[in-house]
Amino acid sequence: MVTHYIERLIDLAIDTELITARDRIYARNQILGLLDLQTFTAPADTLTEGTIPDCLKALLDDAVTRGVISDALDEREQLDAKIMDTFLSKPTEINATFKQLYDEDPTKATDYFYALSQNSHYIQTERIAKNIQYERQTSFGKVDITINLSKPEKDPNQIKREREMKQDVKYPQCLLCIENEGYPGRTGHPARSNHRVIDVDLDGEQWYFQYSPYVYYNEHSIVFCEEHRPMVISESTFTRLLSFVEQFPHYFIGSNADLPIVGGSILSHDHYQAGRYSFGMTEADDLFSFTLDQFPEIDASVVNWSMSVIRLKHEDKAPLIKAGAHILDTWRDYSDEAADILAYTDETPHNTITPIARMRNGKYELDLVLRNNRTTNEHPDGLFHPHQDVHHIKKENIGLIEVMGLAVLPPRLKPELDEMKAYLLGAETIKDHHKVWADELKQSETITKDNVDALVDQALAEKFVRVLQDSGVFKSNNTGTEGFKRFLANL
Numbered sequence: 001m002v003t004h005y006i007e008r009l010i011d012l013a014i015d016t017e018l019i020t021a022r023d024r025i026y027a028r029n030q031i032l033g034l035l036d037l038q039t040f041t042a043p044a045d046t047l048t049e050g051t052i053p054d055c056l057k058a059l060l061d062d063a064v065t066r067g068v069i070s071d072a073l074d075e076r077e078q079l080d081a082k083i084m085d086t087f088l089s090k091p092t093e094i095n096a097t098f099k100q101l102y103d104e105d106p107t108k109a110t111d112y113f114y115a116l117s118q119n120s121h122y123i124q125t126e127r128i129a130k131n132i133q134y135e136r137q138t139s140f141g142k143v144d145i146t147i148n149l150s151k152p153e154k155d156p157n158q159i160k161r162e163r164e165m166k167q168d169v170k171y172p173q174c175l176l177c178i179e180n181e182g183y184p185g186r187t188g189h190p191a192r193s194n195h196r197v198i199d200v201d202l203d204g205e206q207w208y209f210q211y212s213p214y215v216y217y218n219e220h221s222i223v224f225c226e227e228h229r230p231m232v233i234s235e236s237t238f239t240r241l242l243s244f245v246e247q248f249p250h251y252f253i254g255s256n257a258d259l260p261i262v263g264g265s266i267l268s269h270d271h272y273q274a275g276r277y278s279f280g281m282t283e284a285d286d287l288f289s290f291t292l293d294q295f296p297e298i299d300a301s302v303v304n305w306s307m308s309v310i311r312l313k314h315e316d317k318a319p320l321i322k323a324g325a326h327i328l329d330t331w332r333d334y335s336d337e338a339a340d341i342l343a344y345t346d347e348t349p350h351n352t353i354t355p356i357a358r359m360r361n362g363k364y365e366l367d368l369v370l371r372n373n374r375t376t377n378e379h380p381d382g383l384f385h386p387h388q389d390v391h392h393i394k395k396e397n398i399g400l401i402e403v404m405g406l407a408v409l410p411p412r413l414k415p416e417l418d419e420m421k422a423y424l425l426g427a428e429t430i431k432d433h434h435k436v437w438a439d440e441l442k443q444s445e446t447i448t449k450d451n452v453d454a455l456v457d458q459a460l461a462e463k464f465v466r467v468l469q470d471s472g473v474f475k476s477n478n479t480g481t482e483g484f485k486r487f488l489a490n491l
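Set out below in structure tokens:
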């Protein structure tokens with residue numbers, strides 16, 4: 001039966017234009033070698049159903065049965081990626097095709113590369129489909145909720161292998177480095193044989209463009225520097241972000257902040273995240289507009305959002321870059337004890353920015369989200385970070401994606417919310433950390449089997465808004481607005 005799946009996989013590779021029919025024999029022989037099969041007999045009949053992931057699973061299961069690999073997650077992933085690499089062109093050829101399509105239309109180029117990244121099984125769409133995803137309206141507009149179920153669970157054997165693995169291997173240096181392109185993987189480092197990236201010039205510097213294998217939103221992509229260097233938000237950041245949207249006007253791009261607590265999970269390698277999606281923050285209206293005295297030509301406003309966002313608009317990049325740098329420099333040194341904002345503790349800096357750039361209606365836009373990572377005795381995880389009473393939903397850093405209005409929530413919430421729904425309908429057991437929340441819902445709503453799912457979905461969206469409000473430096477009330485205006489007066 002294994003030959004049926006080999007031929008079906010090759011058929012699908014031809015159908016998705018990874019290879020041509022002329023490449024069939026070569027591809028088959030490469031796969032036979034990877035599967036340790038010395039001979040091949042063409043099947044009498046062909047499979048007409050089954051996706052690329054279906055075929056790969058069947059081939060991996062067969063390889064495990066015959067002892068070619070063990071059933072450990074890392075060995076399965078490595079063989080999976082090597083099989084799909086059989087169908088992929090070299091990086092130079094993929095870049096040449098991308099460039100040819102880009103010269104016709106940038107959208108055609110990204111469409112091509114996004115399809116390639118999915119068809120090559122680098123983006124594992126069957127895993128992403130397991131995520132719970134929905135959109136809800138709140139007092140601040142749209143928010144997106146994702147309960148992340150796409151990352152495979154590690155079994156005890158895999159965890160043991162990783163623990164026993166020597167951790168002194170420093171190649172590739174991190175998960176983002178260019179050296180991951182084509183890397184076969186090892187225990188503790190993901191297989192990337194089927195990984196390809198696109199060359200991008202940002203302000204005369206070599207950067208690379210790839211899609212995220214986890215895709216939290218449409219065409220979720222990563223843009224990373226060739227040099228392995230730490231994240232730094234500076235005037236150069238704004239220059240590079242606006243250079244990217246000039247080249248790819250159908251995409252937004254943003255950067256995580258460059259300080260712990262308010263930054264992303266990887267601060268060691270300078271990188272951005274981009275994509276083709278409109279977040280709640282993007283769609284939010286202005287709360288009020290103001291004038292930057294040094295840049296009167298720029299449209300400047302504060303956004304009506306659950307975090308503290310300044311939005312700048314202009315037809316020309318240059319004044320936006322200078323205005324962004326002016327706001328960043330001013331914010332870095334800004335303290336306002338009445339608003340609990342301190343720029344430094346001794347010489348440790350606390351203030352930074354999460355920036356986002358886009359093109360809209362013929363103008364460049366630069367959103368600057370003000371961040372502060374100070375901790376206190378009352379809030380040891382961060383004063384402007386999810387507070388402990390919402391840790392039952394999310395206690396991790398609030399990074400770029402969450403800032404814009406997309407919650408990436410832990411997988412534990414799926415069974416916990418199912419248990420909560422049962423509790424709301426009369427069951428007696430519920431996790432202690434959700435009980436106060438559930439009891440509040442019980443008291444405020446009439447709950448039935450017909451409406452419990454919708455009520456909990458909405459309540460989770462509202463709780464995520466609270467998470468964002470905790471992370472905002474100027475709160476969404478009159479006192480917060482007055483504090484925001486005090487900062488703007490310094491510009």
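Numbering (UniProt numbering), first residue to last: 1 to 491.
C-beta: ideal position from N, C-alpha, C; glycine also.
Computed from a predicted model, the values in this text were never measured in an experiment.
### Query
Expressed to the nearest angstrom, what Euclidean distance is found between the alpha-carbon atoms of residue 493 and A300?
Here the chain covers residues 1 to 491 and nothing more, so residue 493 does not appear.
### Message
Using the Cβ count rule (16 or more neighbours within 10 Å means buried), how would you classify S289?
### Response
What you label residue 289 is simply residue 289 of the sequence shown in a count that begins at 1. Flag for S289 reads exposed.
### Distance, A58 Cα to G50 Cα
Sequence index remark: in the sequence shown, residue 50 carries index 50 (1-based). Sequence index remark: in the sequence shown, residue 58 carries index 58 (1-based). Each residue's alpha carbon lies about 10 Å from the other.
### Task
Whole angstroms is fine: what's the gap from L292's alpha carbon to I298's?
Position 292 of the sequence shown, counted from the first residue, corresponds to residue 292. Position 298 of the sequence shown, counted from the first residue, corresponds to residue 298. In this structure, the CA atom of L292 is about 7 Å from the CA atom of I298.
### Euclidean distance between Cα positions of A461 and I145
As a position in the sequence shown, residue 461 is number 461, starting the count at 1. As a position in the sequence shown, residue 145 is number 145, starting the count at 1. Distance between the alpha carbons of A461 and I145 is about 7 Å.
### Task
Starting from the Cα of T138, find the closest Cα among L468, R486 and K475 and give me that residue.
Within the sequence shown, numbered from 1, the residue matching residue 138 stands at position 138. Comparing C-alpha distances from T138 to each of L468, R486 and K475 shows the shortest one belongs to L468.
### Query
Nearest-angstrom Cα distance between F487 and Y334?
Residue numbering aside, residue 487 sits at position 487 when the sequence shown is read from its first letter. Residue numbering aside, residue 334 sits at position 334 when the sequence shown is read from its first letter. Their Cα atoms are separated by approximately 8 Å.
### Chain-order list of residues whose beta-carbon lies under 8 Å from that of I222 (same chain, five-residue window excluded)
To locate residue 222, count along the sequence shown from 1; it is residue 222. These residues qualify, in order along the chain: L176, F209, Q210, Y211, S212, H271, Y272, Q273 and A274.
### Message
Taking the alpha carbon of A13 as the reference point, which residue from A27, P380, F474 and H269 has its own alpha carbon closest?
### Response
The residue given as residue 13 occupies position 13 in the sequence shown. Out of A27, P380, F474 and H269, A27 has the C-alpha closest to the C-alpha of A13.
### Message
Assess contact between the stretch 386 to 404 and the stretch 325 to 342, defined as three or more Cβ pairs (one per stretch) separated by less than 8 Å. Is contact present?
### Response
No, the stretch 386 to 404 is not in contact with the stretch 325 to 342.
### Task
Determine the contact status of F248 and P91, defining contact as a CB-CB distance below 7 Å.
The residue you call residue 248 lines up with position 248 of the sequence shown. The residue you call residue 91 lines up with position 91 of the sequence shown. The answer is no: Cβ separation not under 7 Å.
### Task
Would you list the one or two residues that DSSP bridges to N351?
Position 351 of the sequence shown, counting from 1, holds the residue named residue 351. In the DSSP output, where bridge partners are listed per residue, N351 has N372.
### Query
Roughly how many angstroms separate the alpha carbons of L383 and N256, rounded to a whole number?
For the purposes of this step, residue 383 is taken as residue 383 along the sequence shown, with counting starting at 1. For the purposes of this step, residue 256 is taken as residue 256 along the sequence shown, with counting starting at 1. Between L383 and N256, the C-alpha separation is close to 18 Å.
### Query
DSSP on G324, reduced to helix/strand/coil?
Within the sequence shown, the letter at position 324 stands for residue 324. Note: G324 maps to helix in three-state DSSP.
### Residue range of the alpha helix (DSSP H) that includes H220
Position 220 of the sequence shown, counting from 1, holds the residue named residue 220. In the DSSP assignment, H220 falls outside any alpha helix (DSSP H), carrying neither H nor E.
### Query
Any idea if T354 is buried or exposed, counting beta-carbon neighbours within 10 angstroms, 16 or more meaning buried?
Position 354 of the sequence shown, counted from the start, is the residue given in the question as residue 354. T354 comes out buried.
### Message
Please state the DSSP three-state secondary structure of K82.
### Response
Counting from one through the sequence shown, the residue named residue 82 turns up at place 82. In the structure shown, K82 sits in a helix (DSSP, three-state: H, G or I).
### Query
Are the stretch 359 to 374 and the stretch 95 to 112 touching by the rule of at least three beta carbon pairs closer than 8 Å?
no
### Message
Can you tell me where the beta strand (DSSP E) holding H314 begins and where it ends?
### Response
In the sequence shown, residue 314 corresponds to position 314, counting from 1. Where H314 is concerned, the enclosing beta strand (DSSP E) stretches over V309 to H314.
### Query
In whole angstroms, what is the alpha-carbon distance linking Y5 and L149?
To locate residue 5, count along the sequence shown from 1; it is residue 5. To locate residue 149, count along the sequence shown from 1; it is residue 149. Whole-angstrom Cα-Cα distance: 27 Å.
### Query
For the candidate residues L35, L116, Q118 and R229, whose alpha-carbon lies nearest to that of residue 557?
Residue 557 is absent from the model: the chain starts at 1 and stops at 491.
### Task
Using the Cα positions of H195 and Y251, report the straight-line distance between them to the nearest angstrom.
Mapped onto the sequence shown, residue 195 falls at position 195. Mapped onto the sequence shown, residue 251 falls at position 251. Distance between the alpha carbons of H195 and Y251 is about 21 Å.
### Query
Is it true that the CB of W305 sits closer than 7 Å to the CB of F140?
Here the question's residue 140 lines up with position 140 in the sequence shown. Here the question's residue 305 lines up with position 305 in the sequence shown. Result yes, Cβ atoms of F140 and W305 sit closer than 7 Å.
#### Entry: Pair within 7 Å by beta-carbon distance, Y216 and Y277
Counting from 1 along the sequence shown, the entry for residue 216 is found at position 216. Counting from 1 along the sequence shown, the entry for residue 277 is found at position 277. For Y216 and Y277, no; Cβs fall outside 7 Å.
### Task
Report yes if the C-beta distance between D286 and R240 is below 7 Å; otherwise report no.
On the sequence shown, position 286 is the one that residue 286 refers to. On the sequence shown, position 240 is the one that residue 240 refers to. No, the pair does not count as a contact, with Cβ atoms beyond the cut-off.
### Task
Would you check if the stretch 72 to 87 and the stretch 111 to 126 touch, i.e. whether three or more CB-CB distances between them fall below 8 Å?
yes
### Task
Check each candidate in H326, R358 and G264 and name the one with the smallest Cα separation from D316.
Residue mapping note: residue 316 aligns to position 316 of the sequence shown, counting from 1. Closest option to D316, Cα to Cα, is R358.
### Message
Suppose contacts are defined by Cβ-Cβ distances below 7 Å. Is S268 in contact with P230 by that definition?
### Response
As a first step, residue 268 is located in the sequence shown; it is residue number 268 there, counting from the start. As a first step, residue 230 is located in the sequence shown; it is residue number 230 there, counting from the start. The answer is yes: Cβ separation under 7 Å.
#### Entry: Residue(s) in a DSSP beta bridge with R360
Along the sequence shown, one-based indexing puts residue 360 at 360. Answer is K363, bridged to R360.
### Task
Quickly, what does DSSP pair I233 with across the bridge? List them, please.
On the sequence shown, position 233 is the one that residue 233 refers to. For I233, which the question treats as bridged, DSSP gives no partner whatsoever.
### Query
So, using beta-carbon positions, are V473 and S308 closer together than 7 Å?
Here residue 473 refers to the residue found at position 473 when the sequence shown is read from its first residue. Here residue 308 refers to the residue found at position 308 when the sequence shown is read from its first residue. In terms of Cβ geometry, V473 and S308 form a close pair [threshold 7 Å].
#### Entry: Those residues which DSSP pairs with K142 across a bridge
Taking the first residue of the sequence shown as 1, we reach residue 142 at position 142. Answer by DSSP bridge pairing, in chain order: Q137.
### Query
Between which two residues does the alpha helix (DSSP H) harbouring A461 extend?
Position 461 of the sequence shown holds residue 461. Unbroken alpha helix (DSSP H) run through A461: V452 to S471.
### Query
Fully enclosed by the stretch 260 to 312, which alpha helix (DSSP H) runs are 4 residues long or longer?
Correct list: 280 to 283.
### Spatial distance of V68 from D11 (CA atoms)
Start at 1 with the first residue of the sequence shown, and residue 68 comes out as number 68. Start at 1 with the first residue of the sequence shown, and residue 11 comes out as number 11. Answer to the nearest angstrom: the Cα atoms are 24 Å apart.
### Task
Measuring alpha carbon to alpha carbon, tell me which of K485, D453, V465 and I123 ends up nearest I132.
Your numbering for residue 132 matches position 132 in the sequence shown. Out of K485, D453, V465 and I123, D453 has the C-alpha closest to the C-alpha of I132.
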